[in-house]
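In the working numbering, the protein residues as written are 10 to 213. Following: one structure in structure tokens, then a few remarks.
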């Protein structure tokens with residue numbers, strides 16, 4: 010499994026601090042779709058949100074990290090994706106022009122480029138497994154990804170649902186692969202949760 014691109018944590022926090030207090034800050038309830046087709050950049054200070062594709066509701070990413078959403082100046086992202094909260098989220102909506110004026114004033118364009126490059130690299134990282142010809146390798150990658158979550162978080166996730174909402178694979182195929190891996194002693198499941206992951210075969 011290729012490692013996820015390294016997150017530029019200090020750079021993201023620095024940009025957030027640059028404009029903190031300039032916009033409208035509010036708490037958003039779980040399950041709310043946050044409009045992302047307007048003139049604002051959305052700053053996530055706390056909470057879990059997910060990015061989904063509009064055409065088929067495919068889950069592209071979910072994150073509990075602090076994020077800057079809406080940096081691209083064009084509307085391509087807004088036309089194809091939407092944001093939804095999974096928990097109570099502390100966000101601030103900052104007008105895009107005001108954000109970029111602050112960036113210009115403080116000469117922070119390299120920081121913006123670094124963050125955009127990171128997001129771009131994450132999408133390429135996802136494509137490295139999502140667009141493989143082998144459906145099994147997609148499942149295998151997501152099992153590794155799920156196994157990297159903290160135990161408390163991992164035990165709360167139904168493994169079949171985790172895989173299905175991130176892929177276009179059928180539930181019957183996912184369940185068959187999981188059943189075969191469990192029978193072969195490669196994974197340990199309990200009530201649909203991943204308890205333990207051993208060495209997974211490279212081919213199925």
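Positions of the beta carbon are idealized from the N, C-alpha and C atoms, including for glycine.
Exercise. Taking the C-alpha atoms as reference points, what is the distance between residue 105 and residue 144?
Worked result: Along the chain shown, read from residue 1 onward, the residue named residue 105 stands at position 96. Along the chain shown, read from residue 1 onward, the residue named residue 144 stands at position 135. So the two alpha carbons sit approximately 40 Å from each other.
Exercise. Buried or exposed: where does residue 58 fall if 16 or more other Cβ atoms within 10 Å of its Cβ makes it buried?
Worked result: Against the chain shown, residue 58 aligns to sequence position 49. Buried is the call here.
For this session: Would you mind reading off the limits of the alpha helix (DSSP H) that contains residue 135?
Result: Working through the chain shown from its first residue, we reach residue 135 at position 126. Unbroken alpha helix (DSSP H) run through residue 135: 118-139.
For this session: Measure the Cβ-Cβ separation of residue 78 and residue 53 and say whether it is below 8 Å.
Result: The residue you call residue 78 lines up with position 69 of the chain shown. The residue you call residue 53 lines up with position 44 of the chain shown. Yes, these two residues count as a Cβ contact at 8 Å.
Problem set entry | Touch test, the segment 111-129 against the segment 160-174, Cβ-Cβ under 8 Å, three pairs minimum | no
Exercise. Between residue 205 and the rest of its own chain, which residues show a CB-CB distance below 6 Å, the 5 nearest in sequence each way excluded?
Worked result: In the chain shown, the residue the question calls residue 205 occupies position 196. Contacts found: 197.
Exercise. Going by Cα to Cα distance, which pick from 158, 110, 207 is closest to residue 195?
Worked result: On the chain shown, residue 195 is found 186 positions in, with the first residue counted as 1. The option with the nearest alpha carbon to residue 195 is 207.
For this session: Assign residue 18 to one of three DSSP states: helix, strand, or coil.
Result: Start at 1 with the first residue of the chain shown, and residue 18 comes out as number 9. Of the three classes helix, strand and coil, the one that applies to residue 18 here is helix, per DSSP.
For this session: Can you tell me which of the three DSSP states residue 63 falls into?
Result: Here residue 63 corresponds to residue number 54 of the chain shown, with the count starting at 1. If DSSP states are grouped into helix, strand and coil, residue 63 belongs with coil.
Exercise. For residue 75 versus residue 25, is the C-beta spacing smaller than 8 Å?
Worked result: Taking the chain shown and counting its residues from 1, one reaches residue 75 at position 66. Taking the chain shown and counting its residues from 1, one reaches residue 25 at position 16. Yes, these two residues count as a Cβ contact at 8 Å.
Problem set entry | Other residues of its chain near residue 39: CB distance less than 7 Å, five sequence neighbours each side excluded | Along the chain shown, read from residue 1 onward, the residue named residue 39 stands at position 30. Cβ within range, chain order: 94, 95, 96, 97.
Exercise. When the Cα atoms are used, what is the spatial distance from residue 212 to residue 189?
Worked result: Numbered from 1 along the chain shown, position 203 holds the residue referred to as residue 212. Numbered from 1 along the chain shown, position 180 holds the residue referred to as residue 189. When rounded, the distance between both Cα atoms is 12 Å.
Exercise. If we call anything under 8 Å between Cβ atoms a contact, is residue 43 one with residue 37?
Worked result: Taking the first residue of the chain shown as 1, we reach residue 43 at position 34. Taking the first residue of the chain shown as 1, we reach residue 37 at position 28. Yes, these two residues count as a Cβ contact at 8 Å.
Exercise. Is residue 169 helix, strand or coil when you go by DSSP?
Worked result: By 1-based counting over the chain shown, the position of residue 169 is 160. Three-state result, residue 169: helix.
Problem set entry | Three-state secondary structure (DSSP) of residue 143 | As a working note, residue 143 is residue 134 in the chain shown. Looking at residue 143 - three-state DSSP - the assignment turns out to be coil, as it is neither helix nor strand.
Exercise. By the 10 Å Cβ neighbour count, where 16 or more other Cβ atoms means buried, how is residue 100 classified, buried or exposed?
Worked result: By one-based count along the chain shown, residue 100 stands at place 91. Residue 100 is buried by the Cβ-count criterion.
Exercise. Out of curiosity, what's the CA-to-CA distance linking residue 160 and residue 19?
Worked result: Residue numbering aside, residue 160 sits at position 151 when the chain shown is read from its first letter. Residue numbering aside, residue 19 sits at position 10 when the chain shown is read from its first letter. Answer to the nearest angstrom: the Cα atoms are 26 Å apart.
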